[in-house]
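Residue numbers (UniProt numbering): 1 to 550. Here is the structure we will look at.
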Amino acid sequence: MAVSAHVRANSCHSYRRTTSATHSRYAGPPCQLRGVVLAGPDSGVRLARCTARASADRLNPVSSPSAASNARTSSLDVVPPTAASASATTSGEAQAPPPPPPVRVPPSCPPGSSSRRAVALSLGAAAAAAALPLLPVAPSRADEGGSGRRFGAQATSPAGQLERDAALAAGAAAGEDDQPPPKPRRERRAVAAVPTVALAPGLRVSKVIRGTWQLSGRHTGDSYTDRTRGGEAVSDLAAFARAGITSLDTADNYGPAEALIGQYLRLHPWNSPATTIATKLSYINEEQMAGVSRTLVEYAVRSCLVRTGRQRVDLVQLQWADTARYRKWLDVLKWLAELREQGMIGHIGLCNFDVPSLAKAMDARVGVVSNQVQYSLIDRRPALYMQQAAQAYGVQLIAYGTLAGGLIADKYYGVAAGKVRLDTASKQKYGTLLHQVGTPPGGLAGGAAVAGGGSWAFMQEVLGATRAVGERHGGVSSSAVALAWVLQQPQVAAAVVGARNALHIRDMQVACALKLDDADMLDLDAVWEGAPNPPTSDIYVWERGGAWAV
């Protein structure tokens, strides 16, 4: 067989037809030419692939007569054989065509352009041809799917094939040792669903309870992450349920929160059996505390049943602003016990009751099972008196404010105080608390701003400790560490975590599985021991107008 650019193998028939059609249209926009080289039979067969993209006015014709005459049938670029194959050919045999003249890159082609890149690749392909192995042309993915196109009709675009050929030529010339090592992929660990715990006989709640104060309309925050209204809030409740967070904490003064819970249960009836609802009857001003009656209490409970679509409220918690001056809260507990006998209430709990008020409630013998208290790394007042009292009375603690309204988060580490926006009711509340615990009793020396000095500096110490603990446990977030710390405190059965969206569900799951050791606890305790103004009073005494330190 004479040396020729003709390739008559049946496997390349469609390829010749495709490339010929491509060559006939090679005018105007750049296209892609792919070629093979067939040397003489005595010198062996070498196969190489060459890709070239250039404009039509810059193409130089091949000087070989045979290649020019066969352009209509094969339309293949002729690549010069290697020196070894050229010297092996004998006289009388057809010689391989000479290499084409060099193509000059026009000055108008900027560096990195497709034309300059294509020309540079074509000039370097001949030098790398000897190092390239004999590679068969594999069918494209489109052919595997049964499209009928073969070899020449590649599924990838010309630009994509150009990059593949360039990488192949560069890898063959440079060698595998010069290639950078692959970047390690960080595996995303699977986490278990949030477990349930027994709060009382016949009442199980998820260890993390979804708080719904954020659905009251005062927690919209930034519009990009706000999902506290309408269908978005309902959809997020379903996402929490899939993660095992099946208990919901609400109140009669949380605006549309109870109605949104009812809409969620109507749209997801299969989640209703596993969902527990804990609501609060809140009496937070003098008019409410002075004018309370059994009729109003029953009306509040029935209203919750209507909004949520339930036959019974699993847990009703009494929140009373001033237990010392207004004593009708004892009557409210008795009325709730009567409603429990009627089947409208499952269990009775308290919210923000200090130790003396808890003792009076237990003396009333109405069957109180829980007390919801504020507990976090920046508010450890329950550890002073309440934990011991709750253990003595057999009352479980439900912690709220565990993340300080979202301030205990990695995104605030290293951030200046002036750049922190208190754009939700929760951040404003816990920002005030942080100001109290982080400011020395005599104020800051030198007239420094309180917000930018002591209080926020203390928060940075807290975040530094939580980040260090999290790194020891494989990169756990500060939020997960702070929540895990609260859940591991004595007498704490569950924690309420409010959320404006479902972005931090994984942190809640991780916190339930995270076990802090003694070293972790000591590191977190050391930060609290260095607090500028730690409290010494009972829970919620300061919020009621009492002393912070006694």
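Each residue gets a CB set at the ideal place from its N, CA and C atoms; glycine is no exception. On a predicted model such as this, the values are computed, not experimentally measured, just so you know.
Closest by C-alpha distance to I245, out of V191, Q372, Q509, L522, is Q509.
For K411, the secondary structure class from DSSP, reduced to helix, strand or coil, is helix.
S247 is the residue among S247, M459, G231 whose C-alpha sits nearest the C-alpha of L203. Judged by their CB atoms, M386 and I539 are nearer to each other than the 7 angstroms cut-off.
DSSP places L318 in the uninterrupted beta strand (DSSP E) bounded by 313-320. Between the alpha carbons of A359 and R365 lies a gap of roughly 10 angstroms.
The Cβ neighbour count for Q491, taken over all protein chains shown within 10 Å, is at least 16; the residue is labelled buried.
In the structure shown, N371 adopts extended strand secondary structure according to DSSP, grouped into three states.
Beta-carbon to beta-carbon, L315 and G346 are separated by about 6 angstroms, close enough to satisfy the 8 angstroms threshold. The C-beta of V369 has 16 or more other C-beta atoms within 10 Å across all chains shown, which makes the residue buried. Here R380 carries a coil assignment [DSSP, helix/strand/coil].
If you draw a 10 Å sphere on the C-beta of G349, you find 16 or more other C-beta atoms in it, and that means buried.
By the Cβ test, the region 516-533 is not in contact with the region 493-503, since fewer than three Cβ pairs between them sit closer than 8 angstroms. When only Cα atoms are considered, T250 and Q263 end up about 14 angstroms apart. Straight-line spacing of the CA atoms in G401 and S376 works out to 6 angstroms. Taking 7 angstroms as the cut-off, the beta carbon of L463 is found no closer than this to the beta carbon of Y430. Under the three-pair Cβ rule at 8 angstroms, the region 289-299 counts as touching the region 329-337. With contact defined as three or more Cβ pairs closer than 8 angstroms, the region 277-292 and the region 225-241 are not in contact. For G475, the three-state secondary structure derived from DSSP is coil. The DSSP-derived three-state label of K280 is strand. The region 233-304 contains, as complete beta strand (DSSP E) runs of 3+ residues, the segments 247-249, 276-283 (chain order). Straight through space, the alpha carbons of N253 and A417 are spaced by roughly 32 angstroms.
Per DSSP, L199 is one residue of the beta strand (DSSP E) stretching across 196-200. Taking the CA atoms as reference points, W270 sits about 13 angstroms from L237. Short of 7 angstroms from the beta carbon of L260, and not among the five residues preceding or following it, lie these beta carbons of its own chain, in chain order: L215, A233, V234.
Spanning the alpha carbons of L339 and N371 requires a straight line of approximately 19 angstroms. Following the DSSP letters along the chain, one finds R210 inside the beta strand (DSSP E) bounded by residues 208-211.
By DSSP's assignment, Y400 forms a beta bridge with Q374.
Annotated as proximal: G255 and G217, with beta-carbon spacing under 7 angstroms. The C-beta of S303 has fewer than 16 other C-beta atoms within 10 Å across all chains shown, which makes the residue exposed. Here M289 is near Y326, since their CB atoms are less than 7 angstroms apart.
Comparing C-alpha distances from R544 to each of P201, G405, F353 shows the shortest one belongs to F353. Annotation for H435: no beta strand (DSSP E) segment contains it, though the alpha helix (DSSP H) segment containing it runs 425-438. As DSSP reads the structure, L350 sits in a beta bridge with L318, N371. Note on geometry: alpha-carbon atoms of A493 and W456 lie some 30 angstroms from one another. Taking 7 angstroms as the cut-off, the beta carbon of I277 is found no closer than this to the beta carbon of V306.
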